[in-house]
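>
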Amino acid sequence: MELGLDVIASDEATVLAVRGEVDVYTAPKLREKLVELVAQGRHTIVVDLEGVDFLDSTGLGVLVGGLKRARSHDGDLVLVCTHQRIIKVFEITGLTKVFTIHDSREAALGTPQPS
Amino acid sequence: MTVADLASSVVELEIPARGEYVGLARLVVSSLASSRRTLADDRVDDLKLALSEACTNAIEAHAEVGTEEVVVVRLVEGDDRLEVEVEDRGPGFDPSTLPEHPPVTDPERLNFERGLGIPLIRSLVDEVSFARVEQGMAVRMVMFCGPVTDLDDEEELAWS
Numbered sequence: 113m114e115l116g117l118d119v120i121a122s123d124e125a126t127v128l129a130v131r132g133e134v135d136v137y138t139a140p141k142l143r144e145k146l147v148e149l150v151a152q153g154r155h156t157i158v159v160d161l162e163g164v165d166f167l168d169s170t171g172l173g174v175l176v177g178g179l180k181r182a183r184s185h186d187g188d189l190v191l192v193c194t195h196q197r198i199i200k201v202f203e204i205t206g207l208t209k210v211f212t213i214h215d216s217r218e219a220a221l222g223t224p225q226p227s
Numbered sequence: 142m143t144v145a146d147l148a149s150s151v152v153e154l155e156i157p158a159r160g161e162y163v164g165l166a167r168l169v170v171s172s173l174a175s176s177r178r179t180l181a182d183d184r185v186d187d188l189k190l191a192l193s194e195a196c197t198n199a200i201e202a203h204a205e206v207g208t209e210e211v212v213v214v215r216l217v218e219g220d221d222r223l224e225v226e227v228e229d230r231g232p233g234f235d236p237s238t239l240p241e242h243p244p245v246t247d248p249e250r251l252n253f254e255r256g257l258g259i260p261l262i263r264s265l266v267d268e269v270s271f272a273r274v275e276q277g278m279a280v281r282m283v284m285f286c287g288p289v290t291d292l293d294d295e296e297e298l299a300w301s
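Protein chains in written order, with the working numbering: chain A, 113 to 227; chain B, 142 to 301.
(1) Note down, in chain order, all residues in the region 204-224 of chain A with a beta-carbon under 9 Å from any beta-carbon belonging to chain B.
(2) How would you write the range of the beta strand (DSSP E) that Ser-270 of chain B sits in, first residue to last?
(3) Starting from Arg-222 of chain B, trace the beta strand (DSSP E) both ways and give me its first and last residue.
(4) Considering Gly-132 of chain A, what are the terminal residues of the beta strand (DSSP E) in which it resides?
(5) Which runs of the beta strand (DSSP E) fall wholly inside the region 146-170 of chain A and span at least 3 residues, in chain order?
(6) Below 6 Å CB to CB, which residues in the same chain sit around Ala-121 of chain A once its five sequence neighbours on both sides are set aside?
(7) How is the alpha helix (DSSP H) around Val-163 of chain B delimited, first residue to last?
(8) Keeping to the same chain, check which residues put their C-beta closer than 6 Å to that of Val-247 of chain B; ignore five residues upstream and five downstream.
(9) Spell out whether any CB of chain B is found under 8 Å from the CB atom of Gly-173 of chain A.
(10) Which residues, in chain order, does the region 150-179 of chain B contribute to contact with chain A at a C-beta distance below 9 Å?
(11) Taking Asp-165 of chain A as the query, report the chain B residues whose CB atoms sit under 8 Å from its CB, ordered along the chain.
(12) Under 8 Å between C-beta atoms, does Glu-144 of chain A make it to chain B?
(13) Distance cutoff 8 Å, beta carbons only. Does Leu-188 of chain B sit that close to anything in chain A?
Listed below in structure tokens is the structure:
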């Protein structure tokens with residue numbers, strides 16, 4: 113299965129919208145993209161996981177690596193996710209304490225949400 | 142359950158030890174679990190994730206020793222359980238001596254991108270055991286659940 117990776121750049125941050133399944137097969141593509149973004153000087157990254165159907169520890173590892181990379185440039189990497197089955201993977205591994213997980217892209221970008 | 146019954150309830154899947162096949166293994170296991178067992182959807186997801194972790198470890202173990210052999214995924218259906226076994230031909234490991242990560246609040250935690258698979262498996266399935274087999278390692282994961290009975294089928298028909 114292909115992993116969808118869409119980059120949406122704005123003034124505040126760069127959004128990386130991920131679609132599909134993140135596992136041992138697809139995680140290297142996600143890693144590559146995160147490395148590329150940071151290398152381009154995009155140090156504030158919002159990884160939108162709303163289109164992700166499945167994520168295992170290989171995907172968690174790549175996100176941890178991305179967070180480390182962003183923070184080493186005084187940036188940050190935050191997540192957007194509302195799917196309980198994905199959030200659960202972060203909860204079990206304690207990574208909810210490492211990542212900020214927002215429930216919408218607007219909340220992650222700090223822009224007012226439509227009421 | 143007799144030995145003959147048990148033997149007839151085994152599904153075995155051999156996958157090449159490459160990442161692109163893990164998704165296929167997940168599909169087979171989750172389809173069997175959701176169509177043949179009384180397992181709630183979120184528990185099927187748990188099993189799917191545990192299976193993915195076990196297959197990933199197996200594939201990495203094969204890469205470590207450079208073997209071209211297949212990874213075996215075995216599904217054994219019992220009266221009160223579904224067992225999923227992943228058998229590799231890797232170097233084997235001792236699950237009791239896995240290194241611990243620093244606490245999540247420690248900035249050092251970000252230096253660890255790997256090693257989450259086994260702890261995940263342990264918390265996702267009802268029972269897990271790791272055993273050295275003749276040529277590698279076998280991870281056996283158990284979910285307690287009964288088979289879907291004929292009664293359930295009739296109920297489904299009545300509702301449809």
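Backbone N, C-alpha and C fix where the C-beta goes; we use that ideal spot for every residue, glycine too.
From the atom records:
(1) Ile-204, Thr-205, Gly-206, Leu-207, Thr-208, Lys-209, Val-210
(2) 268-274
(3) 222-228
(4) 126-134
(5) 156-167
(6) none
(7) 163-177
(8) In the sequence as presented, Val is not what sits at residue 247 of chain B; that position holds Asp. Answer for Asp-247 of chain B: no residue qualifies.
(9) yes
(10) Arg-159, Gly-160, Glu-161, Tyr-162, Val-163, Gly-164, Arg-167
(11) Those within 8 Å of Asp-165 of chain A in chain B number zero; the least Cβ separation is about 10 Å.
(12) no
(13) no
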